[in-house]
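Novice: Sequential numbering of the sequence shown, starting at 3, is according to the working numbering.
Right, I'll just put the structure down here and ask away after.
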Amino acid sequence: MSDLVKRSFTLSRHRTSIALEPEFWAVLEEMSAENSLASLIASIDATRPPERPLASALRVACLVFLRSKGP
């Protein structure tokens, strides 16, 4: 895996930085093909359990998305 890439977004009117591997950013961009990346991340943020860090929730969302696509 590559080094982490940090991106910043505004979530609930607060600026937030998220650091993920480039491979996860690529999957998130694919997932957000019909909407903006910011709105996808906001949606995942709004539905994650409070004890789960946002970066972890994004990685899990990527895995769920990829598994739903099949082999």
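For each residue, glycine too, the CB sits at the ideal point set by N, CA and C.
Owing to the predicted nature of the structure, the values given are computational and were not obtained by experimental measurement.
Roughly how many angstroms separate the alpha carbons of Ser-41 and Asp-47, rounded to a whole number?
Specialist: 10 Å
Novice: Starting from the Cα of Ser-43, find the closest Cα among Glu-23, Thr-18, Ser-70 and give me that residue.
Specialist: Correcting the residue type first, residue 43 is Ile in the shown sequence and not Ser. Checked all of Glu-23, Thr-18, Ser-70; the closest Cα to Ile-43 is Thr-18.
Novice: State the beta-bridge partners of Phe-11 as determined by DSSP.
Specialist: Thr-18
Novice: Please work out which residues of its chain come closer than 6 Å, Cβ to Cβ, to Glu-53, disregarding the five sequence neighbours upstream and downstream, and give them in chain order.
Specialist: Nothing meets the Cβ criterion.
Novice: In angstroms with no decimal places, state the Cα-to-Cα distance between Asp-5 and Ala-21.
Specialist: 9 Å
Novice: Hey, would you say Met-33 sits closer than 8 Å to Phe-11, going by beta carbons?
Specialist: no
Novice: How many Å lie between Glu-23 and Leu-30 at the Cα?
Specialist: 11 Å
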